[in-house]
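Note sheet for the following structure.
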Amino acid sequence: MKEITRRNFIATATLATGFALAVQPISANAIATDTKGLIAGAVKIPVPDGQIPAYRAQPATSEKFPIVLVIQEIFGVHEHIQDICRRFAKLGYLAIAPELFVRQGDVSKLSSIDEIRPIVAKVPDAQVLSDLDATVDWAVKSAKGKADQVGITGFCWGGRITWLYAAHNPKVKAGVAWYGRLVANATKLQPQNPVDIASKLSVPVLGLYGGKDTSIPLDTVEQMRDRLKSNSSKSEIIVYPDAPHAFFADYRPSYRQKDARDGWKRLWVWFKEHGL
1 MKEITRRNFI
11 ATATLATGFA
21 LAVQPISANA
31 IATDTKGLIA
41 GAVKIPVPDG
51 QIPAYRAQPA
61 TSEKFPIVLV
71 IQEIFGVHEH
81 IQDICRRFAK
91 LGYLAIAPEL
101 FVRQGDVSKL
111 SSIDEIRPIV
121 AKVPDAQVLS
131 DLDATVDWAV
141 KSAKGKADQV
151 GITGFCWGGR
161 ITWLYAAHNP
171 KVKAGVAWYG
181 RLVANATKLQ
191 PQNPVDIASK
201 LSVPVLGLYG
211 GKDTSIPLDT
221 VEQMRDRLKS
231 NSSKSEIIVY
241 PDAPHAFFAD
251 YRPSYRQKDA
261 RDGWKRLWVW
271 FKEHGL
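All residue numbers for the sequence shown refer to UniProt numbering, where the first residue is 1 and numbers rise by one.
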C-alpha cells in the first residue's frame, strides 16, 4: 500500500508557481526572463517509481540543443530556478530542472527554512542521481537534447549535487557548482560529499564560492582545492572575497550583482571551453 500511495503522489505532483513561500518578500532585483522564442513550461519525467515534474525551457526551433541540468536550491524548482532555465534557453540550450524533493514533500508551500530542512534531509543521494539520469534520458528522447553535450549547474543544495553528479556520470561535459556544501558528516542517505569524490573526478567542474559565506567555511573550500589537484579533471574553484552565501539569488537580499554577473560569464566561458 505504501508503494501505491507513493506512486500516486509522484504521478499527481506539480511544479511550484511563483516563488517559494519561505523566500517572501521578493527583492526588486529579481530578474524576469520572458518566454519569447522559447518552448517553456512544466513536463513530466518518467522515473522507475512513476513520474516527477520538471521545468523545461528551450529555443522554439527544429534543431537539437546541448542539455543543461539546472539543480534546485533548498526551496525547490520555484520561479527563480525556472527563470534560470529560460536564461539558458535564450543562449541556445535545452535547460531542464527536475523537482528532486517531490517524494518527500512540497517545499514551496512551507513558510520557513526550518520546516524545509527536515524534508530535504530525507532525500537520498542515490534517488537524486537516478532522477538526473532519467532527466537526461528524457531530454534526449523527447526534447531534442544532444546526448553527447550534457552540462550541469546547481545552487546551494544543487551545488553539492552538481559535484556529485559530475562524478556519477563521466559523460557530462562540464559542471558549474554555485556555493554547494563540500564537507559534511556522512549519513546513510548522503554517504559521500564533494570532498570525497574530488580525487577521482574526471569531469571539469567550476566551483563558485563566497568568501563571506558563513555556511561554507573557507577551510573546506581549500580542502576541496587540494583534493582536486590529484585528478585529471582540471576543475577550478573561484572565491569572491566579499560575497555571502546565495550571491547569485537575485530575488533575495544576499544577491551581489557584480559577483553574480561575473560568475554567469565564467559559467558561459566554462561551458564553451568544454564543448557545450
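Idealized CB from N, CA, C, for every residue including glycine.
Neighbourhood of ALA89 by C-beta, 7 Å cutoff - its chain only, sequence neighbours within 5 removed:
Here the question's residue 89 lines up with position 89 in the sequence shown. Answer for ALA89: LEU38, ALA40, ALA57, GLN58, PRO59, ALA95, listed in chain order.
Within 10 Å of its beta-carbon, does GLY145 have 16 or more other beta-carbons around it, so buried, or fewer, so exposed? Along the sequence shown, read from residue 1 onward, the residue named residue 145 stands at position 145. GLY145 should be labelled buried.
Does the stretch 109-116 come close enough to the stretch 14-30 that 3 or more CB-CB pairs lie under 8 Å?
yes
Practice item. Tell me where the beta strand (DSSP E) around ALA186 begins and ends. Key: As a first step, residue 186 must be located in the sequence shown, where it is residue number 186. According to the DSSP assignment, ALA186 belongs to no beta strand (DSSP E), since it is labelled neither H nor E.
- Message: If you follow the alpha helix (DSSP H) that residue 287 is in, where does it begin and where does it stop?
- Response: A query on residue 287 cannot be resolved here, the shown segment of the chain reaching from 1 to 276 and no further.
Can you tell me whether DSSP reads LEU129 as helix, strand or coil? In the sequence shown, residue 129 corresponds to position 129, counting from 1. Residue state, collapsed to three classes: helix.
I'd like to check one pair, ALA246 with TYR179: are the Cβ atoms closer than 8 Å? Here residue 179 refers to the residue found at position 179 when the sequence shown is read from its first residue. Here residue 246 refers to the residue found at position 246 when the sequence shown is read from its first residue. Yes, they are a contact pair.
_Would PRO244 and SER202 be called neighbours here (beta carbons separated by less than 8 Å)?_
For the purposes of this step, residue 244 is taken as the residue at position 244 of the sequence shown. For the purposes of this step, residue 202 is taken as the residue at position 202 of the sequence shown. Against a cut-off of 8 Å, the Cβ pair of SER202 and PRO244 comes out as no contact.
Helix, strand or coil at VAL176 [DSSP, three-state]:
On the sequence shown, position 176 is the one that residue 176 refers to. Strand.
request  = Using the Cα positions of ALA186 and GLY275, report the straight-line distance between them to the nearest angstrom.
outcome  = As a first step, residue 186 is located in the sequence shown; it is residue number 186 there, counting from the start. As a first step, residue 275 is located in the sequence shown; it is residue number 275 there, counting from the start. Rounded to whole angstroms, ALA186 to GLY275 spans 34 Å at the Cα level.
Quick check on ASP83: buried or exposed, where buried means 16 or more other Cβ atoms within 10 Å of its Cβ? On the sequence shown, position 83 is the one that residue 83 refers to. When all chains shown are included, ASP83 counts as buried.
Give me whichever residues DSSP pairs with PHE65 in a beta bridge. By 1-based counting over the sequence shown, the position of residue 65 is 65. DSSP lists GLY145 as partners of PHE65.
(request) Could you name the residues of the same chain whose beta carbon sits closer than 8 Å to that of GLN190, not counting the 5 residues immediately before and after it, in chain order? (result) Position 190 of the sequence shown, counting from 1, holds the residue named residue 190. Excluding positions up to five away in sequence, the list reads PRO124, ASP125, ALA184.
_Going by DSSP in three states, HIS78 sits in which element: helix, strand or coil?_
On the sequence shown, residue 78 is found 78 positions in, with the first residue counted as 1. It is coil, neither helix nor strand.
- prompt: Going by the CB atoms, is the gap between VAL172 and VAL150 shorter than 8 Å?
  reply: Start at 1 with the first residue of the sequence shown, and residue 150 comes out as number 150. Start at 1 with the first residue of the sequence shown, and residue 172 comes out as number 172. In contact: VAL150 and VAL172 (Cβ atoms closer than 8 Å).
Using only the alpha-carbon positions, how far apart do CYS85 and VAL70 sit? For the purposes of this step, residue 85 is identified with residue 85 of the sequence shown, where counting begins at 1. For the purposes of this step, residue 70 is identified with residue 70 of the sequence shown, where counting begins at 1. Their Cα atoms are separated by approximately 7 Å.
Exercise for the section: Would you tell me roughly how many angstroms separate the C-alpha atoms of LEU164 and PRO194, rounded to the nearest one? Expected result: Here residue 164 refers to the residue found at position 164 when the sequence shown is read from its first residue. Here residue 194 refers to the residue found at position 194 when the sequence shown is read from its first residue. Approximately 6 Å between the Cα atoms of the pair.
- Span of the beta strand (DSSP E), counted from its first residue to its last, around GLY41: In the sequence shown, residue 41 corresponds to position 41, counting from 1. Here the beta strand (DSSP E) through GLY41 covers 38-47.
Original post:
Exposed or buried, PRO66, counting other C-beta atoms within 10 Å across all chains shown (16 or more means buried)?
Top reply: Taking the first residue of the sequence shown as 1, we reach residue 66 at position 66. PRO66 comes out buried.
- Task: For VAL269, name the three-state secondary structure that DSSP assigns.
- Result: Taking the first residue of the sequence shown as 1, we reach residue 269 at position 269. Reduced to three states, the DSSP call for VAL269 is helix.
Thinking residue 327 and ALA260 are a contact (beta carbons under 8 Å), I'd like their distance in whole angstroms, please.
Nothing about residue 327 can be read from this structure; the chain reaches only from 1 to 276.
Coarse secondary structure for PHE19, derived from DSSP in three states: As a first step, residue 19 is located in the sequence shown; it is residue number 19 there, counting from the start. In this structure, PHE19 counts as coil in the three-state DSSP scheme.
To the nearest angstrom, how far is it from the Cα of SER230 to the Cα of ASP196? For the purposes of this step, residue 230 is taken as residue 230 along the sequence shown, with counting starting at 1. For the purposes of this step, residue 196 is taken as residue 196 along the sequence shown, with counting starting at 1. Their backbone Cα atoms lie some 12 Å apart in a straight line.
Check your understanding: Can you list, in chain order, the residues of its chain whose CB lies under 6 Å from that of GLY207, leaving out five sequence neighbours each side?
Key -> Position 207 of the sequence shown holds residue 207. Once the five neighbours on either side are set aside, the close Cβ partners of GLY207 are ALA177, ILE237.
DSSP three-state label for ILE31, please.
Residue mapping note: residue 31 aligns to position 31 of the sequence shown, counting from 1. Residue state, collapsed to three classes: coil.
Between LYS212 and ASP242, what straight-line distance do the alpha-carbon atoms span, to the nearest angstrom? Mapped onto the sequence shown, residue 212 falls at position 212. Mapped onto the sequence shown, residue 242 falls at position 242. In a straight line, the C-alpha of LYS212 is about 6 Å away from that of ASP242.
In whole angstroms, give me the CA-to-CA distance for TYR209 and VAL239. Counted from its first residue, the sequence shown places residue 209 at position 209. Counted from its first residue, the sequence shown places residue 239 at position 239. For TYR209 and VAL239, the distance between alpha carbons rounds to 5 Å.
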